[in-house]
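Asks: Structure in structure tokens, see below.
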């Protein structure tokens, strides 16, 4: 019996050690909904990591998730060891700001690299008389559903312009999928979205209705960009949507890949290496990735310190 117990103990130890080793060599990236760019980004990263698993013994998976906020919480709970999120969510997690204030500062969150731009987008009906952000006054405007990225951004813009929702003739809180039908049915004059482009909802609205994209610029916007480091100047390329042949300037942020400080540096290094040695292929996997540049990805939109494993690779390439 003692001999059997010893064998079981030894085998159990071997199994546990193997399981621990497997866990230490497994990447799980929190992404977003299956139709979104976050999911495509995560799947694309794993595609390149898994191509060289025989070399580094690391496997990668990128399941769907509730999106950026869920991915922050997933990093905190160790459900994921990597997560894609908006740059402002990375900043707010690091500093313990809403919607993460109940958990305190996440001082161990680390940046890996940034991805596609996400742009604060205003789309107006062509017959609305809206040609600039100022023209939104006395119009029917969808600010976005409470808790959404576009609602939060819209409210920050209103605050810095010393406006409130009373300047609009009607304020709605439609979800993203509800906006295009509301535009088509002439229930709103303008819709808002904080999103990477090209985007299906904007595509639908501009296809079913004559519309124009509205620039988000001016002295107050310049002040916002200086005050909030997680926002950057952003451009929606001309010709992407029907009726909008010219570039549209706005503000935006970056989607960023994040991890925890105690994630194995070798794992982070191999993930970063897998992406950047295949960057041209990566850029072809979705139109939103087409303009990615290595030198921007390692600094633009990063609102948390870089992980040591990422720094190692960037120094090897002479980028730092």
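Residue numbers (mature numbering (1 follows the signal peptide of the UniProt record, and there is no 0)): -22 to -1, 1 to 298.
No residue lacks a Cβ here, since even glycine has one placed at the ideal position from N, Cα and C.
Comparing C-alpha positions only, which one of 133, 107, 123, 48 sits nearest to residue 152?
Replies: Distance from the Cα of residue 152 is smallest, within the candidate group 133, 107, 123, 48, for 123.
Asks: Starting from the Cα of residue 162, find the closest Cα among 92, 104, 90 and give me that residue.
Replies: 104
Asks: From this set, 214, 230, 44, 231, which residue's C-alpha is nearest residue 223's C-alpha?
Replies: 214
Asks: Do residue 231 and residue 66 have their C-beta atoms within less than 7 Å of each other?
Replies: yes
Asks: Comparing alpha-carbon positions, which option in 240, 9, 15, 3 lies nearest residue 176?
Replies: 15
Asks: Thinking residue 194 and residue 91 are a contact (beta carbons under 8 Å), I'd like their distance in whole angstroms, please.
Replies: No, residue 194 and residue 91 are not in contact; Cβ-Cβ is about 26 Å, not under 8 Å.
Asks: Nearest to residue 252 by CA position, among 19, 23, 5, is which residue?
Replies: 23
Asks: Do residue 6 and residue 59 come within 7 Å of each other at the CB atom, strictly closer than that value?
Replies: yes
Asks: In whole angstroms, what is the alpha-carbon distance linking residue 39 and residue 106?
Replies: 46 Å
Asks: When the Cα atoms are used, what is the spatial distance from residue 294 to residue 254?
Replies: 12 Å
Asks: What three-state label does DSSP hand residue -6 in the structure shown?
Replies: The predicted position of residue -6 is uncertain, since its pLDDT is 34 and thus under 50; no value can be drawn from it.
Asks: Out of 70, 88, 278, which one is the CA nearest neighbour of residue 80?
Replies: 70
Asks: Would you report the Cα separation of residue 77 and residue 48, rounded to the nearest angstrom?
Replies: Cα to Cα, the separation comes out at about 11 Å.
Asks: Would residue 207 pass as a contact of residue 61 if the rule is Cβ separation under 7 Å?
Replies: no
Asks: Do residue 257 and residue 198 count as a contact pair if the criterion is CB distance below 7 Å?
Replies: no
Asks: Determine, using beta carbons only, whether residue 17 and residue 10 come nearer to each other than 7 Å.
Replies: yes
Asks: Taking only runs that begin and end inside the segment 94 to 150, name each unbroken beta strand (DSSP E) of 3 or more residues, in chain order.
Replies: Runs of the beta strand (DSSP E) lying entirely within the segment 94 to 150 and spanning at least 3 residues, in chain order: 118 to 120, 148 to 150.
Asks: So the alpha helix (DSSP H) residue 273 belongs to, where does it begin and stop?
Replies: 272 to 275
Asks: In terms of residues, what are the limits of the alpha helix (DSSP H) holding residue 248?
Replies: 243 to 254
Asks: To the nearest angstrom, report how far apart residue 304 and residue 268 are at their CA atoms.
Replies: Since the first residue of the chain shown is -22 and the last is 298, residue 304 is not available in this structure.
Asks: Sort out for me which residues DSSP pairs residue 171 with in a bridge.
Replies: 99
Asks: Between the Cα of residue 3 and those of 284, 28, 221, spot the shortest distance and give me the residue it belongs to.
Replies: 28
Asks: When the Cβ atoms of the segment 92 to 103 are set against those of the segment 168 to 175, are three or more pairs found closer than 8 Å?
Replies: yes
Asks: Determine whether the beta carbon atoms of residue 86 and residue 118 lie at a separation below 7 Å.
Replies: no
Asks: Please go through the segment 28 to 104 and give each complete beta strand (DSSP E) segment of 3 or more residues, from N-terminal end onward.
Replies: Qualifying beta strand (DSSP E) stretches, in chain order: 37 to 39, 60 to 64, 87 to 103.
Asks: I need the straight-line Cα distance from residue 165 to residue 290, nearest angstrom please.
Replies: 53 Å
Asks: Among all the DSSP beta bridges, which residues are the ones paired with residue 292?
Replies: For residue 292, which the question treats as bridged, DSSP gives no partner whatsoever.
Asks: Let me know if residue 280 comes out buried or exposed under the rule of 16 or more other beta-carbons within 10 Å of its beta-carbon.
Replies: Buried is the label assigned to residue 280, since at least 16 other Cβ atoms lie within 10 Å of its Cβ.
Asks: Bridge partners for residue 162 per DSSP, in chain order?
Replies: Paired residue(s): none; residue 162 is not in a bridge.
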